[in-house]
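Visitor: Sharing a structure, written as structure tokens. Questions coming.
Number of protein chains: 2
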Amino acid sequence: MSTKPAVNGAHKAAIRQENEEQILAAAERVFADFGFKGATTARIAEIANVPKANVHYYFSTKEALYRRIMEDVCDHWLEAAMTFDNSADPAFILRGYIEAKMDLSRVRPYGSRLWAHEIIRGAKFSSEYISTTVKNWLDSRVEVIRGWIDEGKMDDVEPYTLMYMIFATTQHYADFGRQIEIFNNDKPLTDAQFAEAKENVVRIILKGVGLA
Amino acid sequence: MSTKPAVNGAHKAAIRQENEEQILAAAERVFADFGFKGATTARIAEIANVPKANVHYYFSTKEALYRRIMEDVCDHWLEAAMTFDNSADPAFILRGYIEAKMDLSRVRPYGSRLWAHEIIRGAKFSSEYISTTVKNWLDSRVEVIRGWIDEGKMDDVEPYTLMYMIFATTQHYADFGRQIEIFNNDKPLTDAQFAEAKENVVRIILKGVGLA
DNA sequence: ATTTATCTTGACCGTTTGGTCAGGTTAAAA
DNA sequence: TTTTAACCTGACCAAACGGTCAAGATAAAT
Numbered sequence: 000m001s002t003k004p005a006v007n008g009a010h011k012a013a014i015r016q017e018n019e020e021q022i023l024a025a026a027e028r029v030f031a032d033f034g035f036k037g038a039t040t041a042r043i044a045e046i047a048n049v050p051k052a053n054v055h056y057y058f059s060t061k062e063a064l065y066r067r068i069m070e071d072v073c074d075h076w077l078e079a080a081m082t083f084d085n086s087a088d089p090a091f092i093l094r095g096y097i098e099a100k101m102d103l104s105r106v107r108p109y110g111s112r113l114w115a116h117e118i119i120r121g122a123k124f125s126s127e128y129i130s131t132t133v134k135n136w137l138d139s140r141v142e143v144i145r146g147w148i149d150e151g152k153m154d155d156v157e158p159y160t161l162m163y164m165i166f167a168t169t170q171h172y173a174d175f176g177r178q179i180e181i182f183n184n185d186k187p188l189t190d191a192q193f194a195e196a197k198e199n200v201v202r203i204i205l206k207g208v209g210l211a
Numbered sequence: 000m001s002t003k004p005a006v007n008g009a010h011k012a013a014i015r016q017e018n019e020e021q022i023l024a025a026a027e028r029v030f031a032d033f034g035f036k037g038a039t040t041a042r043i044a045e046i047a048n049v050p051k052a053n054v055h056y057y058f059s060t061k062e063a064l065y066r067r068i069m070e071d072v073c074d075h076w077l078e079a080a081m082t083f084d085n086s087a088d089p090a091f092i093l094r095g096y097i098e099a100k101m102d103l104s105r106v107r108p109y110g111s112r113l114w115a116h117e118i119i120r121g122a123k124f125s126s127e128y129i130s131t132t133v134k135n136w137l138d139s140r141v142e143v144i145r146g147w148i149d150e151g152k153m154d155d156v157e158p159y160t161l162m163y164m165i166f167a168t169t170q171h172y173a174d175f176g177r178q179i180e181i182f183n184n185d186k187p188l189t190d191a192q193f194a195e196a197k198e199n200v201v202r203i204i205l206k207g208v209g210l211a
């Protein structure tokens, strides 16, 4: 561990932060792979490289750990959502949002997979969050899209269907990453391949709604 | 049970078929909700309305049951895949394929979710199937799309990206069905809403690749 | 130097889990 | 009628699981 002399408990605080981060990262991965019920605290401890009792020392229960990670994933999702503002230029906004979501899938695939698990099993823990924070955001974005349609800036498409298409397509690169890898001759997409995919996704969707 | 007199073991055969179907349906649902590891044989038995020992009487292990259902889901997927043939008319073929996939999500959401679980956790059981049957089919369809592009029938898009977009968008209605339901004021999509979504998905994608 | 607070962790506990078994029931075959 | 085969299932087993605890180590405060 750190050899730097501690001042005012900084060392103990650093120990806590380092261990918590290690456990959170391990847990995100294990929950992403197996879902809440399928994940074991033994496996999380193993990946985090700490004794199982330590997981419980820092996070009282498996569920507490799970909720903590989901909050973090939601915060990250919100950052991408913020790129979708009320600008007058739909092509610019939609391009920015799709790219932000694609990038999120690229840099944090486990978070997306964890979310997918959560939704697939019925959104047991996140139902309220989805029906409030996420739904309010979605409904307000749908109003913005409707405004663009009314102003003749884009085709008259059903806005919810468009948003679901964007969610689905962008998260696919995280959730079904392994399948895409198998299709790519068992190799992860290179940065170039991913950039090309991103550009094609943006292009097809923008043209699909009359913006390119 | 059936009161019809049996002839040549038909009754016993009917018992087996009925019980197997019940267990398979229950298992598909439980595996869809919780994934392989998170699902329990006790839960499957409960949903199937049979004693747990009966599950093992008909399917030796949990894994045998899981593999059996996955084979079935793959067969079903293949049926939709068959709509994508070598026709000269890309708009017609893509529309047919997208619609078949959307319908599959509508009539068999658990199968799609089970598949999603399988892929999210790394395609542990299905890796070979994906890298052979599915990949060969995908690669051959990509060649067909390239042919259409070469003939100037559609835009020069990256065919794999297009196929992933179709997979993602159509399966979203099954895998993230709960989220969509929450966004729909906690009500499942009506048939009319689903038909509208399907039409919009087809329209956006076809236009997005220069086919509408 | 001593005390206090935090960290560490092997061992343990009660519950859950996948799977087995023995004995009984029912239907079909001989 | 008897025998055979298939179905049924409560009880049980060993292993896995989430979580706890006591005792020791370490760092910080007094």
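For the record, the sequence lines run as chains A and B. Residue numbering for the first sequence follows numbering that gives the first Met the number 0, starting at 0 and increasing by one per position. Residue numbering for the second sequence follows numbering that gives the first Met the number 0, starting at 0 and increasing by one per position. Don't be surprised by glycine CBs; every beta carbon is placed ideally from N, CA and C.
Here's the rule I'm using: 16 or more other beta-carbon atoms within 10 Å means buried, otherwise exposed. How should F91(A) be labelled?
Guide: Exposed is the call here.
Visitor: Whose C-alpha, out of K206(B), Q178(B), A115(B), Y96(B), is nearest the C-alpha of V133(A)?
Guide: V133(A) has its Cα closest to that of Q178(B), out of K206(B), Q178(B), A115(B), Y96(B).
Visitor: Check V213(B) in the structure and name its three-state DSSP category.
Guide: Look at the range of chain B in this structure, 0 to 211, and you will see that residue 213(B) is not part of it.
Visitor: Between R107(B), T60(B), N53(B), which lies nearest to E78(B) when the distance is taken from Cα to Cα?
Guide: The shortest C-alpha separation from E78(B) is found at R107(B).
Visitor: Give the DSSP-derived three-state secondary structure of N184(B) in the structure shown.
Guide: coil
Visitor: Is the Cβ of F193(B) closer than 7 Å to any Cβ of chain A?
Guide: False, the Cβ-Cβ gap to chain A never drops below 7 Å.
Visitor: Any C-beta of chain B sitting closer than 7 Å to the C-beta of R66(A)?
Guide: False, the Cβ-Cβ gap to chain B never drops below 7 Å.
Visitor: To the nearest angstrom, how far is the alpha carbon of Y109(B) from that of M69(B)?
Guide: 11 Å
Visitor: Three Cβ pairs or more, each shorter than 8 Å: is that satisfied between the region 188–204 of chain A and the region 138–157 of chain A?
Guide: no
Visitor: Is there a C-beta anywhere in chain A that falls below 7 Å from the one on T160(B)?
Guide: yes
Visitor: Count the other C-beta atoms from every protein chain shown that fall within 10 angstroms of the C-beta of K11(B), then say buried if there are 16 or more, exposed otherwise.
Guide: It counts as exposed.
Visitor: Where does the unbroken alpha helix (DSSP H) through K100(A) begin, and where does it stop?
Guide: 89–106
Visitor: Assign D185(B) to one of two classes, buried (16 or more other C-beta atoms within 10 Å of its C-beta) or exposed (fewer than that).
Guide: exposed
Visitor: Using the Cα positions of E180(A) and T131(A), report the straight-line distance between them to the nearest angstrom.
Guide: 35 Å
Visitor: Compare the beta carbon distance of V29(B) and A38(B) with 7 Å and say whether it is the shorter of the two.
Guide: yes
Visitor: Using a beta-carbon distance below 7 Å, is F91(A) in contact with chain B?
Guide: no
Visitor: Quick one: does D32(B) have its CB under 7 Å from some CB of chain A?
Guide: Yes, because at least one Cβ of chain A sits closer than 7 Å to the Cβ of D32(B).
Visitor: Among P50(B), R66(B), E98(B), R67(B), which has the Cα closest to the Cα of M81(B)?
Guide: E98(B)
Visitor: Please report the distance separating the alpha-carbon of S1(A) from that of H75(A).
Guide: Summary for S1(A): the model assigns pLDDT 40, below 50, so the residue's position carries little reliability, and this model does not support an answer.
Visitor: With burial defined as no fewer than 16 other Cβ atoms inside 10 Å of the residue's Cβ, what is the status of P50(B): buried or exposed?
Guide: exposed
Visitor: Going by C-alpha to C-alpha distance, which of K100(A), F33(A), R105(A) sits closest to I119(A)?
Guide: F33(A)
Visitor: For H246(A), return the contacting residues in chain B, with the cut-off set at a CB-CB distance below 8 Å.
Guide: Absent from the structure is residue 246(A), since the part of chain A shown begins at 0 and ends at 211.
Visitor: Measuring straight from C-alpha to C-alpha, what distance separates V143(B) and L161(B)?
Guide: 13 Å
Visitor: When Cβ atoms are compared, which residues of the region 45–76 of chain A fall closer than 7 Å to chain B?
Guide: none
Visitor: Would S111(B) be called buried (16 or more neighbouring beta carbons within 10 Å of its own) or exposed?
Guide: buried
Visitor: Which whole-angstrom value is the C-beta distance of N199(A) and E195(B), which I expect to be below 8 Å?
Guide: The Cβ separation is near 26 Å, so there is no contact.
Visitor: For N199(A), go through chain B and note every residue whose CB falls closer than 8 Å to its CB, in chain order.
Guide: The answer, in chain order, is V156, E157, T160, L161.
Visitor: Please report the distance separating the alpha-carbon of R66(B) from that of F124(B).
Guide: 8 Å
Visitor: Nearest by alpha-carbon distance to K95(B): which of F83(B), L103(B), R105(B), I46(B) is it?
Guide: In the sequence as displayed, the identity of residue 95(B) is Gly instead of Lys. The option with the nearest alpha carbon to G95(B) is F83(B).
Visitor: Grouping DSSP H, G and I as helix and E and B as strand, with all else coil, what is V29(A)?
Guide: helix
Visitor: Can you tell me which of the three DSSP states D71(A) falls into?
Guide: DSSP places D71(A) in helix when its eight states are reduced to three.
Visitor: From R140(A), H171(A), D102(A), pick the residue whose C-alpha is nearest to that of H116(B); which is it?
Guide: Of the candidates R140(A), H171(A), D102(A), the one whose C-alpha sits nearest the C-alpha of H116(B) is H171(A).
Visitor: Taking the Cβ atom as the reference point for each residue, do S104(A) and A24(A) lie within a distance shorter than 7 Å?
Guide: S104(A) places its beta carbon 7 Å or farther from that of A24(A).
Visitor: Using the Cβ count rule (16 or more neighbours within 10 Å means buried), how would you classify Y163(B)?
Guide: buried
Visitor: Does the beta carbon of M153(A) come closer than 7 Å to any beta carbon on chain B?
Guide: no
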